[in-house]
Amino acid sequence: MCRNRNPLLCAVPPYVLHEVAARGTERQRKWALKTLSADTTIRHARAINTKARGRKGPREAYAAFAAAAAKAKRNRVIWDARHSYAVSGLKRVRDEGDPPVKDKAVNEAFDGLGETWDFWLRAFSRDSIDDENMPMRGIVHFGEEYPNAFWDGRRMVFGDGDGEIFTRFTKSLDVIGHELGHGVIEDEAALEYHGQSGALNEHIADVAGIMVKQRKLEQTADQADWLIGADIRGSEFHGDALRSMKAPGTAYDDPRLGKDPQPAHFKDYVNTVDDNGGVHINSGIPNHAFYLLATNLGGRSWQTPGRIWYDALRHPLLSPTSTFTAFARITHRAARQRFGTGSDEAKAVREAWAEVGIDWE
Amino acid sequence: MRIEVRQQGGFGGLRPPPLVVDTARLDARTAGEIERLAETLPPGNEPGRGADLMRYDVQIDDRCATFFEPDVPAPVRRLLALARDAGRSA
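Residue numbers (my numbering), protein chains in the order written: chain A, 5 to 365; chain B, 308 to 397.
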């Protein structure tokens with residue numbers, strides 16, 4: 005596993021590297037940061053392998069890991085809130101292995117969680133939200149005409165909408181992928197939900213949702229619509245969706261909801277106290293960078309761009325309070341690590357961020 | 308009594324126009340229920356863990372309280388529902 009790398013580095017635990025990065029001399033800090041960034045992917049793979057294999061050689065380890073991945077099983081549970089606002093003590097209406105039921109929302113949530121679980125496993129070898137087969141819990145029919153879906157730290161909760169502006173939130177695979185994405189983000193990076201880190205949290209959840217949808221539809225980046233929430237629009241919603249990663253700020257213009265406020269460029273960053281400091285507003289900036297990268301590289305969004313973003317999400321340099329620029333630099337570093345310093349992929353990452361006004365020396 | 312409800316957040320991060328209810332313009336039964344709920348409005352709650360949660364800012368005359376999903380107290384839910392219905396019929 006340590007081939008082409010200083011074997012000593014493999015023996016240094018990350019918390020020691022973090023300490024050196026925080027307290028060492030300039031030279032030590034550089035070494036520690038470089039080691040941390042180089043080490044993260046292999047370290048994580050090793051952690052997974054360790055779980056699967058005990059202490060075996062690399063060949064056996066790979067076989068054990070593949071076997072573990074093959075054994076990974078979906079673990080879904082759906083509850084029915086019956087239009088109450090409760091999230092516990094509810095009737096369990098469908099478990100893994102149960103046949104479809106009459107209730108569409110139950111089946112949509114169940115199937116959407118299954119698609120999302122498949123996506124994470126097939127694209128990134130990730131076993132559920134925590135990579136340890138955490139059950140995927142969903143609650144449907146939350147509240148009365150409730151126009152929302154949310155992640156409460158343990159489960160995804162779906163409302164039915166009012167039927168006019170919004171329909172059932174379970175109808176949309178990108179909504180389900182987005183909400184489960186919040187669980188993955190919380191598990192990996194715990195990005196604080198306000199300001200730029202909060203907008204990054206929303207952005208990565210949108211990336212997760214759009215990748216799940218595009219994989220299901222077998223779309224390449226240039227074939228996709230890059231719209232978030234198009235399937236939950238009711239008959240009286242004026243617009244194409246709730247967000248557009250392709251053209252932030254153009255998704256809707258509605259007499260009751262106003263106009264899509266998302267900026268596409270950092271110069272238009274919205275400073276506000278609303279919406280936890282504009283987490284759903286300013287996410288338009290990194291969303292657009294991801295779109296630019298995916299369409300520039302071509303192919304499937306969850307392959308090269310998604311892989312880079314996933315590496316960045318798990319990067320030790322990503323902190324709960326990371327800014328846009330910090331995240332951009334980490335994605336660039338992740339691309340260099342995976343594809344090479346002078347690679348087209350790394351260059352494309354830097355160009356995509358520069359196009360939305362985020363650059364660094 | 309004047310009641311104003313501002314909603315924000317959620318999956319869409321939407322900020323619809325505030326709902327403004329003047330109980331003097333409602334039928335006596337609805338107005339009475341809204342006023343009773345408003346007079347006993349709790350002081351608000353803290354935001355919980357999670358993402359895409361709704362937030363409600365409720366202003367009653369010169370008092371204001373903020374409530375976060377999913378732990379909005381039942382009487383506040385009732386007040387929000389009544390305000391929504393009153394807003395619809397206005």
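For each residue, glycine too, the CB sits at the ideal point set by N, CA and C.
For residue i, which residues from the same chain have a beta carbon less than 6 angstroms from its beta carbon, with the 5 sequence-adjacent residues on both sides left out?
i                      : result
residue 386 of chain B : 344
residue 263 of chain A : 257
residue 306 of chain A : 127, 215 and 219
residue 141 of chain A : 81 and 159
residue 312 of chain A : 335, 338 and 339
residue 292 of chain A : 252, 268 and 360
If we ignore side chains and look at the alpha-carbon of each, how far apart do residue i and residue j end up?
i                      : j                      : result
residue 205 of chain A : residue 75 of chain A  : 30 angstroms
residue 384 of chain B : residue 327 of chain A : 36 angstroms
residue 364 of chain B : residue 337 of chain B : 21 angstroms
residue 373 of chain B : residue 362 of chain B : 7 angstroms
residue 350 of chain B : residue 382 of chain B : 12 angstroms
residue 108 of chain A : residue 96 of chain A  : 15 angstroms
residue 178 of chain A : residue 324 of chain B : 26 angstroms
residue 161 of chain A : residue 90 of chain A  : 10 angstroms
residue 38 of chain A  : residue 322 of chain A : Here the model assigns residue 38 of chain A a pLDDT of 47, short of 50, so the residue's position is not dependable, and the following value carries that caveat. Near 14 angstroms, if we compare the C-alpha coordinates of residue 322 of chain A and residue 38 of chain A.
residue 181 of chain A : residue 339 of chain B : 44 angstroms
residue 248 of chain A : residue 346 of chain B : 43 angstroms
residue 137 of chain A : residue 314 of chain B : 36 angstroms
residue 302 of chain A : residue 225 of chain A : 6 angstroms
residue 255 of chain A : residue 266 of chain A : 9 angstroms
residue 36 of chain A  : residue 330 of chain A : Annotation note: pLDDT 46 at residue 36 of chain A (below 50); position unreliable, no value reported.
residue 210 of chain A : residue 229 of chain A : 13 angstroms
residue 348 of chain A : residue 240 of chain A : 45 angstroms
Consider the Cβ of residue i: report whether some Cβ of chain A lies at a distance smaller than 8 angstroms.
i                      : result
residue 318 of chain B : yes
residue 372 of chain B : no
residue 339 of chain B : no
residue 377 of chain B : yes
residue 315 of chain B : yes
residue 361 of chain B : yes
residue 357 of chain B : yes
residue 309 of chain B : no
residue 383 of chain B : no
residue 388 of chain B : yes
Report buried or exposed for residue i, applying the criterion of at least 16 other Cβ atoms within 10 angstroms of its Cβ.
i                      : result
residue 85 of chain A  : buried
residue 227 of chain A : exposed
residue 245 of chain A : buried
residue 176 of chain A : buried
residue 184 of chain A : buried
residue 296 of chain A : buried
residue 155 of chain A : buried
residue 201 of chain A : buried
residue 250 of chain A : buried
residue 326 of chain B : buried
residue 87 of chain A  : exposed
residue 395 of chain B : exposed
residue 121 of chain A : buried
residue 364 of chain A : exposed
residue 207 of chain A : buried
residue 331 of chain B : exposed
residue 187 of chain A : buried
residue 101 of chain A : exposed
residue 321 of chain B : buried
Can you list, in chain order, the residues of its chain with a C-beta nearer than 7 angstroms to that of residue i? Leave out the 5 residues immediately preceding and following it.
i                      : result
residue 345 of chain A : none
residue 282 of chain A : 203, 274 and 276
residue 163 of chain A : 146, 147, 150, 151, 152, 153 and 173
residue 98 of chain A  : 82, 105, 110 and 114
residue 280 of chain A : 197, 198 and 202
residue 284 of chain A : 206
residue 309 of chain A : 294, 297, 298 and 301
Let me see if you follow: with CB-CB separation under 8 angstroms, is residue i close to chain B or not?
i                      : result
residue 186 of chain A : yes
residue 156 of chain A : yes
residue 57 of chain A  : The pLDDT assigned to residue 57 of chain A is 35, lower than 50, so where the model puts this residue is not dependable; a value taken from the coordinates is nonetheless given after this. No, no contact with chain B.
residue 153 of chain A : yes
residue 181 of chain A : no
residue 148 of chain A : yes
residue 389 of chain A : The structure shown does not extend to residue 389 of chain A, since chain A is modelled only from 5 to 365, so the question has no answer here.
residue 161 of chain A : yes
What does a CB cutoff of less than 8 angstroms around residue i pick up in its chain, not counting 5 residues either side in sequence?
i                      : result
residue 139 of chain A : 79, 80, 81 and 132
residue 270 of chain A : 289, 328, 360, 361 and 362
residue 300 of chain A : 352, 355 and 356
residue 438 of chain A : The structure shown does not extend to residue 438 of chain A, since chain A spans only 5 to 365, so no value can be given for it.
For this session: Scan the stretch 273 to 305 of chain A for residues whose Cβ lies nearer than 9 angstroms to a Cβ of chain B and list them as they occur along the chain.
Result: From the stretch 273 to 305 of chain A, only 278, 279, 280, 282, 283, 284, 285 and 287 have a Cβ closer than 9 angstroms to chain B.
Exercise. Mind listing which residues of the stretch 196 to 216 of chain A have their C-beta closer than 8 angstroms to chain B's C-betas, in chain order?
Worked result: Taking a C-beta cut-off of 8 angstroms against chain B, the contacting residues of the stretch 196 to 216 of chain A are 197, 205, 206 and 209, listed in chain order.
Problem set entry | Chain-ordered residues of the stretch 321 to 346 of chain B with a beta carbon less than 8 angstroms from chain A | Contact residues of the stretch 321 to 346 of chain B toward chain A are 321, 322, 323 and 324 (C-beta to C-beta distance below 8 angstroms).
Exercise. What residues in the stretch 103 to 122 of chain A bring their beta carbon closer than 9 angstroms to a beta carbon of chain B?
Worked result: Answer set for the stretch 103 to 122 of chain A: empty.
Exercise. If you measure beta-carbon to beta-carbon, which residues of the stretch 233 to 258 of chain A are closer than 7 angstroms to chain B?
Worked result: Against chain B - using a Cβ distance shorter than 7 angstroms - the residues of the stretch 233 to 258 of chain A are 233 and 246.
Problem set entry | Interface residues of the stretch 80 to 93 of chain A facing chain B [CB-CB below 7 angstroms] | Identification of residues in the stretch 80 to 93 of chain A having a C-beta nearer than 7 angstroms to some C-beta of chain B yields 89 and 91, given in sequence order.
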